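Worksheet for the structure shown next.
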Amino acid sequence: MAIKDTTKEAVAEIILSTLLVAGVFAVAIMAPNAVQLFKYFGKKTPHEQWRIRRSATRLEKRGLIGKRSMRGEEYYVLTPTGKERAMRYKIKNMTIRRQKKWDGLWRIVMFDIPEDKKLARRAISHAIQKLGCLQYQKSVFITPYPCEKEIDFAGECFGVRKYIRIITAKDVEGINSIKKHFNV
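The sequence shown begins at 1 in my numbering and counts up one residue at a time.
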């Protein structure tokens with residue numbers, strides 16, 4: 001990835017997402033040019049390395065990452081706020097994998113999220129639509145593709161997983177227009 005062609009926010013997203021997966025980055029305070037963060041980005045020019053370090057510093061100032069000492073070395077770790085932001089980035093980029101050959105089953109995702117969690121309800125509805133599910137009713141979505149992992153992840157991120165149900169069905173009313181929508 002060419003860091004020089006990437007926006008500040010995109011570099012921050014990459015750092016947070018990588019921390020979400022990797023857990024920690026070595027900071028190597030004693031040798032700033034040796035920040036092991038770069039190994040996750042591949043070989044970088046000095047200017048690109050500077051942009052990554054600057055982004056990490058900016059994320060630390062915003063409270064999204066913090067430094068922790070372990071075995072005499074300092075590491076960057078996600079703060080709770082940083083973890084939440086990284087998970088939202090992950091949701092933003094998540095997709096449902098289409099099967100090569102459709103298995104003939106419909107996945108119906110429905111939820112009944114309480115009014116006091118209205119923002120989470122809107123966010124989960126938006127996330128489900130962004131995944132490519134078709135809105136069947138107000139809080140009911142449908143897709144021909146397996147989506148359990150993605151829905152579980154989004155539900156956990158927004159703290160509403162216990163209000164979401166996923167049903168697998170062979171037949172659904174209005175099947176022809178739904179099949180046409182998904183080209184199956």
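We treat Cβ as the ideally placed atom computed from N, Cα and C, and that holds for glycine. As the structure is a computational prediction, the values presented were derived from the model and not from experiment.
Closer than 9 Å to chain D by CB, residue 60: Although the question refers to chain D, the structure presented lacks it and comprises just one protein chain.
Boundaries (first-last residue) of the beta strand (DSSP E) holding residue 135: Per DSSP, residue 135 belongs to the beta strand (DSSP E) from 134-137.
Coil, strand or helix - residue 131 by DSSP: Looking at residue 131 - three-state DSSP - the assignment turns out to be coil, as it is neither helix nor strand.
Every unbroken beta strand (DSSP E) inside the stretch 52-122 [3 residues or more]: Counting whole runs of 3 or more residues, the stretch 52-122 contains the beta strand (DSSP E) stretches 65-70, 73-78 and 106-111.
Nearest-angstrom Cα separation, counted from residue 98 out to residue 63: Taking the straight line from one Cα to the other gives about 37 Å.
Through-space distance from residue 183 to residue 35, alpha-carbon basis: Note that residue 35 scores 49 on pLDDT, short of 50, meaning its location in the model is unreliable; the coordinates nonetheless yield the value given after this. Residue 35 and residue 183 have their C-alpha atoms spaced approximately 48 Å apart.
Cβ-based burial, residue 143 [other Cβ within 10 Å; buried from 16]: The Cβ neighbour count for residue 143, taken over all protein chains shown within 10 Å, is at least 16; the residue is labelled buried.
Where residue 29 falls, given that 16 or more other Cβ within 10 Å makes a residue buried: Caution applies to residue 29, whose pLDDT of 40 falls short of 50 and renders its modelled position unreliable; the model cannot decide the point.
DSSP three-state assignment for residue 11, whether helix, strand or coil: Helix.
One or two residues paired with residue 169 in a DSSP bridge: Residue pairing for residue 169: DSSP places it in a beta bridge opposite 106.
Limits of the alpha helix (DSSP H) - the one that residue 153 falls within: 148-157 is the extent of the alpha helix (DSSP H) around residue 153.
Rounded distance between the beta-carbons of residue 59 and residue 10, thought under 8 Å: Cβ atoms of residue 10 and residue 59 stay farther apart than 8 Å, at about 13 Å.
Contacting residues, own chain, Cβ-Cβ under 7 Å from residue 127 (five flanking each side not counted): If we look at residue 127 and ignore the five residues flanking it on each side, its Cβ neighbours are 91 and 154.
Pairwise C-alpha distance: residue 141 and residue 89: Going by the C-alpha atoms only, they are around 22 Å apart.
Span of the alpha helix (DSSP H) around residue 176: Its alpha helix (DSSP H) spans residues 175-182.
Within 9 Å, strictly: CB atoms of residue 136 and residue 166: At a Cβ-Cβ threshold of 9 Å, residue 136 and residue 166 do not count as neighbours.
Burial state of residue 131 (16 or more Cβ within 10 Å): Result: buried.
Beta bridge counterpart(s) of residue 45 as assigned by DSSP: DSSP, once it has assigned bridges, lists no residue as partnering residue 45.
Pick from 134, 78, 71 and 174 that is closest to residue 14, judged by C-alpha positions: Nearest C-alpha to residue 14: 78.
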